Amino acid sequence: MTMTLLSLPDELLVHIASYLEYSDLIALQLVCARWHEVIKSNAGLQYTLELRVAGMIDNPASRLVPGERLRILRDKEAAWRTLDLSDKRSLTLQHNPSGIYDLTGGTLLLGERRFAEGLSGTDAVHTINLHSAFEEEQYQSSPSLWSNLDLGKQVIDVGLAIQEHDLIAIVTYTYVNDAQLLASVDIHLLKHSTGQPHPAAAKPVIHFENIHYLPGHCSIMLEISGDTLCFLLNNYFPFINADPVTLVVYNWKTGEPKVKQKRSYQDPTIFNSFVLLSPYAVVLPIMPTNALEVCFFAEEFADSSASSSKQSSSTTRKEVPLLQIACALELPPLHPGALVLRMTCRCEPNPRGPPSSATHVDKTTPFYSDPECAVMILHLHIRLPIGVTKVYTMIVHRASLLKVVQTAIESHRKRQAGEAAAKAAAKESRPVEPDLDGDEDEDELTDEADIEEDGPHVPGAFFHPFGVPNPGRRGRWVDPSHDTESDEEADEDDVARLTWEEWGPAVTRWFQDELPGTRWITTTCGQRFVRVRSDGRLRVYDFNPLARRRFLHARSLNGSPVGALPGEDILEEHYSELSSAIVEDEDENEDIGDVEEADEDDNVQEAIIIRTRRADSRSEPERRMRVVLGTTRIMDPTAWEKTLESSLPYIETRVPVPDEYESALLDEDIIVGLKVRSCEIHM
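Numbering-wise, the sequence shown is residues 1 to 683 according to full-length UniProt numbering.
In structure tokens form, the structure reads like this:
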């Protein structure tokens with residue numbers, strides 16, 4: 001008797017299906033009734049499907065069975081769709097907060113400033129597990145929920161890797177020469193749960209450098225991914241003449257630098273934030289060139305580790321390699337009179353290293369947001385020619401950026417190889433004539449002069465008192481006295497470049513934002529983005545493509561497509577022409593879609609929406625939903641040279657908030673509303 005695959009017991013079929021990818025499981029359900037029944041009835045396989053749709057990854061260390069994980073995941077996704085804010089806690093801080101904060105892995109961190117006056121910085125840091133605040137009955141008056149870390153030194157910045165390593169990295173400074181304001185900057189690697197030196201760190205304290213430091217004139221940013229700790233310092237110390245911007249990538253477990261980038265510019269504001277695309281790639285938003293520079297350092301890591309054993313017996317320490325730029329992605333071209341004052345970016349959660357690199361086992365959390373699917377947020381503060389400032393916000397998936405960059409690099413290398421082959425073939429086929437006049441280099445020098453004279457245009461470049469753009473190196477901001485012959489940065493021909501039109505409109509979404517809401521950068525987690533608008537509504541934007549498609553399909557199958565109920569609409573396309581200085585959102589006028597309507601004193605010249613469906617009802621519910629599928633076109637001639645187009649689809653859910661929050665922070669399943677007063681922060 002012949003046994004077929006489908007005649008096997010359900011247990012074996014489930015075991016076989018557990019090795020299949022998400023798309024294969026979907027295909028099996030569509031083509032075979034037997035497979036459909038097996039997959040539909042098994043909690044483990046359903047959990048695998050739901051994880052992928054929700055943009056999550058499983059935590060294998062969790063003690064929960066697949067059925068319980070599936071229930072928690074479905075409840076969480078349903079809660080985000082309805083956006084019910086009734087379950088809330090209120091936390092009043094017991095300390096005077098400083099400007100340091102972070103929110104990741106369910107842990108909220110706030111700095112403490114003991115003296116409110118003067119230039120005193122951060123004296124200590126406090127953290128709280130937000131899930132514990134919901135479980136604790138006396139959450140409001142219980143100081144035991146907060147953990148206090150005081151190293152007895154002034155704190156500049158803090159980085160967290162709670163779920164992967166139970167790690168908190170605290171950057172401090174200590175003056176070694178008070179008269180010269182020379183300070184030692186150090187990175188302390190601590191185990192967050194105990195406050196003790198982290199056992200996986202060979203050097204619990206990493207000494208960065210001794211720098212001239214003035215409180216309030218230096219900013220530091222650090223992010224942790226796997227064994228990688230990326231450290232950025234911007235020193236605004238007056239009259240400084242060396243290394244105002246320094247980026248160093250450490251292996252935090254060994255304490256040794258793997259790669260660094262010391263800019264040769266005299267402008268410390270060239271870039272002041274970054275995002276880790278992977279444990280081996282970083283994206284830098286460069287203001288003078290108005291572009292995103294992507295750098296890979298996997299090769300530098302390999303070279304460093306391979307050569308470390310060879311040089312262990314040598315007395316000469318190997319010089320740390322410099323970070324090389326692999327690709328530059330131009331942002332939308334600015335109006336000639338517009339000036340980028342600031343760029344800030346974030347992408348939460350950070351990428352994880354291989355499972356073997358993790359030093360902490362989290363047994364309570366059943367799943368996490370997939371870092372590869374997470375969205376990156378980029379705020380641009382733009383000074384307009386009319387003397388006011390606008391804030392624009394860009395959203396893009398981390399995976400989309402990586403795909404665009406990898407495709408651009410591959411195309412660039414193929415083009416280089418083709419050009420090299422063509423030159424070699426032309427050289428071989430060209431007859432060699434004797435040079436009787438001795439002017440063999442004249443044509444070559446002339447060609448080089450022409451190339452240098454016709455150097456590529458620097459997009460968004462502007463005059464700056466600290467330097468001028470070097471036409472021979474597009475996207476480089478150098479000191480006029482800098483010797484380009486000794487420049488160690490990547491050669492122009494080795495950098496792949498894409499214009500905004502080549503990469504941006506299809507994979508991004510742009511919003512005009514309000515300045516108070518952009519003060520806090522921790523407004524994204526996974527594929528969601530949250531913000532509070534001046535109309536008193538909390539808005540959650542979901543950029544998950546799989547969840548969006550399934551939601552729309554399920555509503556259609558139920559006979560109630562999105563747009564059929566009050567408070568719902570779908571936008572296919574939106575065009576808005578703005579000449580205003582400050583733009584706000586006005587929910588009462590539903591004829592204005594994705595881009596916000598102007599205030600009374602502003603002037604919206606034209607706004608056209610093509611919408612597919614919208615419920616016709618005068619009684620609008622408190623909860624509103626908008627699905628944006630098409631292209632948004634914003635014509636703001638005071639900020640942008642061309643019409644700003646973006647097409648990344650999303651679902652927006654809006655609900656009123658009972659309190660007046662300045663901003664909202666976002667974690668995996670928690671929204672933190674902030675009310676900032678002169679003497680305290682209330683959450």
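Even for Gly, the Cβ is constructed at its ideal location relative to N, Cα and C.
No experiment lies behind these values; they were computed from the predicted model shown.
- Assigned with DSSP and collapsed to three states, I220 falls in strand.
- Within the region 520 to 580, the complete alpha helix (DSSP H) segments at least 4 residues long are 545 to 557, listed from N- to C-terminus.
- Selection L247, N234, S273, C230 evaluated against K253 yields C230 as nearest (Cα-Cα).
- R624 carries a strand assignment under DSSP once its states are collapsed to helix, strand and coil.
- The Cβ neighbour count for E330, taken over all protein chains shown within 10 Å, is at least 16; the residue is labelled buried.
- If you draw a straight line from the Cα of R415 to the Cα of R624, it is about 49 Å long.
- Sequence-distant partners of S184 (beyond 5 residues in either direction) whose C-beta falls short of 6 Å from its own C-beta, in its chain, are T174, V176, N210.
- Nearest neighbour of V158 by Cα position, chosen from Y101, A426, L93, turns out to be Y101.
- Taking a contact to require three or more Cβ pairs closer than 8 Å, the region 123 to 133 and the region 536 to 555 do not qualify as touching.
- Under the three-state reduction of DSSP, D157 is assigned to strand.
- In the DSSP annotation of this structure, the continuous segment of the beta strand (DSSP E) that includes R383 starts and ends at 375 to 383.
- Each residue's CA atom was taken as its position, placing S429 and A422 some 11 Å apart.
- When DSSP states are grouped into helix, strand and coil, I162 belongs to the helix group.
- When DSSP reads this structure, E209 sits in a beta bridge with V185.
- For V282, the enclosing beta strand (DSSP E) covers residues 281 to 286.
- Distances from the alpha-carbon of D513 to those of I521, A506, V507 put I521 closest.
- Counting the other CB atoms within 10 Å of its CB gives G55 a total of 16 or more, which places it among the buried residues.
- With a cut-off of 8 Å on Cβ pairs, the region 535 to 550 is in contact with the region 653 to 671, counting three or more such pairs.
- Counting only runs of 4 or more residues that sit fully inside the region 28 to 90, the alpha helix (DSSP H) segments are 33 to 41, 43 to 54, 66 to 82, in chain order.
- Judged by DSSP in its simplified three-state form, G152 adopts coil rather than helix or strand.
- Around the beta carbon of E293, 16 or more other beta carbons lie within 10 angstroms, which makes this residue buried.
- Looking at the backbone, the Cα of H360 and that of I187 are separated by about 20 Å.
- Cα atoms of V282 and Q29: separation of roughly 40 Å, rounded to the nearest angstrom.
- Rounded to whole angstroms, the Cβ separation of L334 and N290 is 6 Å, and the two are in contact under 8 Å.
- By the Cβ criterion, the region 2 to 17 is in contact with the region 42 to 49, since at least three pairs of Cβ atoms, one from each stretch, lie closer than 8 Å.
- Under the three-state reduction of DSSP output, F134 falls in the helix class.
- In the DSSP assignment, K203 falls outside any beta strand (DSSP E) and carries neither an H nor an E.
- Bridge pairing for T653: V540, M625 [DSSP].
- Here the alpha carbon of T653 sits roughly 14 Å from the alpha carbon of L565.
- Annotation for Q196: no beta strand (DSSP E) segment contains it, and DSSP assigns it neither H nor E.
- In the three-state reduction of the DSSP assignment, R114 falls in the coil class.
- With at least 16 other beta carbons inside 10 angstroms of its own, S646 counts as buried.
- Taking 8 Å as the cut-off, the beta carbon of P637 is found no closer than this to the beta carbon of G504.
- Rounded to whole angstroms, W80 and D569 show a C-alpha spacing of 18 Å.
- Rounded to the nearest angstrom, the Cβ distance from A374 to Q527 is 6 Å, consistent with a contact under 8 Å.
- In the structure shown, D102 adopts extended strand secondary structure according to DSSP, grouped into three states.
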